[in-house]
Structure formats: structure tokens, C-alpha cells
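Before any comments, here is the structure.
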Amino acid sequence: APSPEPRARVQMPAGDLGSLGWDDLEARIRGCEGCVLCKRRKQAVPGVGDREADWLFVGEGPGAEEDERGEPFVGQAGRLLDAMLATIDLRRGEDVYIANAVKCRPPNNRTPDAAELAACFPYLARQIELVRPRLIVALGRPAAQALLNEEVRIAASRRKLFDYKGIPVVITYHPAYLLRNLADKAKAWEDLCFARARMAELRNGET
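Residue numbering for the sequence shown follows the numbering used here, beginning at -3 and increasing consecutively.
Here it is as C-alpha cells:
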């Protein structure tokens, strides 16, 4: 599916999401009716993992299994993500938080459009504020474009550092894409190694 165009950033209302803690934020997400995706979902999918993690992985949106279970990355792409994490000595829930750019499943697993990304972005922004990660890994174009608010090409963005409000962002392929394009798995591994090296620098206090 074509990747959505960059959209105008939606600001969180003062005193609204910006004042919410985890439980209230997740309740707001689960009850959200802010875009058309709410009409066909079984449930919204807030996020999962260590709420004080150094690593934040941001995907695109829930698939069918995620919609059923209410947790991101639990299907085949989730199993691949777990394997990807293991290659850099990470495990789900241990210094890792996982969220999606949109919290409700797009029909037929299509790419979320610009309006849907914009409607959901305040939730992701608040999750980032609460987690306060040292580094963000954007999995796929919609996640990268939601964070950076600009057009992104994965091939041209790999092994580079981007910035979201002072937090370094590394961009790589979404696991669902890798399931269809096995030859790019090696590139994703290189991207994760790049991210691990950047994290080591951050932890060592290097610029």
C-alpha cells in the first residue's frame, strides 16, 4: 500500500492527554472514537512492555491477532520482531516498550492514512513522554513519518540518526515487510546493530 503523506502535527490539548498517567491514558486509548478505525475494531491496542525502557519500538498498527488480543506484535510479525530483538540481546518487556503509530486495526491490514495517523499521534506522543526512552526504533514508513512528520524512504534512511524532540530515532523495515521480502532481513539486522551501537554511545555519555 502507498505510504501516507506527511500531515500537520496534531497538538495535545493543554491539560488533556499531557496530564494523564499510564492507566488513564490506556483507558482513553481503549475508548477512543477519534477516527473511522474505531468503527470496525474489536479493541484498541495501547502498547506493551517496560514503561521505563531505554528502547522504544514503534510499529504501524494492529493486525488481526493484535485486534483479538489487545497487544501489539503478537502475530507472525510479532514473532519475527522477538527474533530481531534477540539478535541484539533484547527481550520484549525487558528495557523494551512496544507501541504502534495507530492503535486500532485498519481494515484488511491496509496502511493507515494521514488523517488516521494524525488522529492517533497524540497518544503516541504521550507514551513517549511517559516512557522517556533513550532511543526510538521506527519500524516501517508510517511509524517513521508519524514521528518525523516528513516523507521517509526506508532505503535512504537506514543507518542514520533522526531526532524526535531530542530523542535519537533509527529507522528500519517493519517485520511484516520482512516476512514478504526475506532478502532484506540482513539489512534490518544491520540497522539493529547500528541502533545497538548508538545506544551504547548514549549510555557511555558520548555524543
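No residue lacks a Cβ here, since even glycine has one placed at the ideal position from N, Cα and C.
Once you ignore the five residues that flank Val165 on each side, which residues in its own chain have a CB closer than 8 Å to its CB? Within the sequence shown, the letter at position 169 stands for residue 165. Closer than 8 Å at Cβ, skipping near neighbours: Leu131, Ile132, Val133, Ala134, Ala140, Leu143, Leu144, Leu157, Phe158 and Asp159.
Return the Cβ separation of Arg176 and Ile167 in integer angstroms, given the expectation that the two are a contact with Cβ distance under 8 Å. For the purposes of this step, residue 176 is taken as residue 180 along the sequence shown, with counting starting at 1. For the purposes of this step, residue 167 is taken as residue 171 along the sequence shown, with counting starting at 1. Not confirmed; about 18 Å, so no contact.
How should Leu33 be labelled, buried or exposed, when 16 other C-beta atoms within 10 angstroms of its C-beta is the threshold for buried? Indexing the sequence shown from 1 puts residue 33 at position 37. It counts as buried.
Three CB pairs or more closer than 8 Å across the region 12 to 21 and the region 86 to 96: no
In this structure, does DSSP put Val165 in helix, strand or coil? Position 169 of the sequence shown holds residue 165. In the structure shown, Val165 sits in a strand (DSSP, three-state: E or B).
Hey, how far is the Cα of Gly71 from the Cα of Glu62? Here residue 71 corresponds to residue number 75 of the sequence shown, with the count starting at 1. Here residue 62 corresponds to residue number 66 of the sequence shown, with the count starting at 1. Each residue's Cα considered, the two are about 7 Å apart.
Span separating the alpha-carbon of Asn105 from that of Gly66: Position 109 of the sequence shown, counting from 1, holds the residue named residue 105. Position 70 of the sequence shown, counting from 1, holds the residue named residue 66. For Asn105 and Gly66, the distance between alpha carbons rounds to 15 Å.
Looking only at its chain, what residues have a beta carbon closer than 6 Å to the beta carbon of Ala191, apart from the 5 residues adjacent to it on each side? Counting from one through the sequence shown, the residue named residue 191 turns up at place 195. The residues are Val133 and Val166.
Buried or exposed: where does Ala114 fall if 16 or more other Cβ atoms within 10 Å of its Cβ makes it buried? As a working mapping, residue 114 is identified with position 118 in the sequence shown. Buried.
N-terminal and C-terminal residue of the alpha helix (DSSP H) that Phe190 is part of: Walking along the sequence shown from the start, residue 190 turns up at place 194. Its alpha helix (DSSP H) spans residues Lys181 to Arg199.
Nearest CA to the CA of Lys99: which residue from Ala121, Leu126, Arg26 and Trp185? Against the sequence shown, residue 99 aligns to sequence position 103. The candidate whose alpha carbon is nearest that of Lys99 is Arg26.
In angstroms, rounded to a whole number, what distance separates the CA positions of Trp185 and Thr83? On the sequence shown, position 189 is the one that residue 185 refers to. On the sequence shown, position 87 is the one that residue 83 refers to. Cα to Cα, Trp185 sits roughly 8 Å from Thr83.
For Val54, which residues does DSSP report across the bridge? Working through the sequence shown from its first residue, we reach residue 54 at position 58. Note: Val54 sits in a beta bridge opposite Ala95 and Ala134.
Just reading off the beta strand (DSSP E) that Asp159 is part of, what are its end residues? If you number the sequence shown from 1, residue 159 lands on position 163. From DSSP, the beta strand (DSSP E) with Asp159 extends over Phe158 to Tyr160.
Taking the beta carbon of Asp85 as the centre, do at least 16 other beta carbons fall within 10 Å, making it buried, or is it exposed? The residue given as residue 85 occupies position 89 in the sequence shown. It counts as exposed.
Please report the distance separating the alpha-carbon of Leu178 from that of Pro171. Mapped onto the sequence shown, residue 178 falls at position 182. Mapped onto the sequence shown, residue 171 falls at position 175. Their Cα atoms are separated by approximately 10 Å.
Residue span of the beta strand (DSSP E) that contains Gly74, given as start and end: Looking up residue 74 in the sequence shown gives position 78. From DSSP, Gly74 is part of no beta strand (DSSP E) but of the alpha helix (DSSP H) over Gln72 to Thr83.
Classify Gln7: buried if its beta carbon has 16 or more other beta carbons within 10 angstroms, exposed otherwise. As a first step, residue 7 must be located in the sequence shown, where it is residue number 11. With a pLDDT of 43 at Gln7, under the threshold of 50, the predicted position of this residue should be treated as unreliable, and no value is reported.
Element boundaries [alpha helix (DSSP H), containing Val127]: Position 131 of the sequence shown holds residue 127. Residues Ala110 to Val127.
Cβ neighbour criterion (16 or more within 10 Å) applied to Glu29: Here residue 29 is taken as the residue at index 33 of the sequence shown, counted from 1. With fewer than 16 other Cβ atoms within 10 Å, it is exposed.
Taking the beta carbon of Ala151 as the centre, do at least 16 other beta carbons fall within 10 Å, making it buried, or is it exposed? Your numbering for residue 151 matches position 155 in the sequence shown. That one is exposed.
Beta carbon of Pro204, beta carbon of Leu13: below 9 Å? This structure cannot settle anything about residue 204, because the visible part of the chain is limited to -3 through 203.
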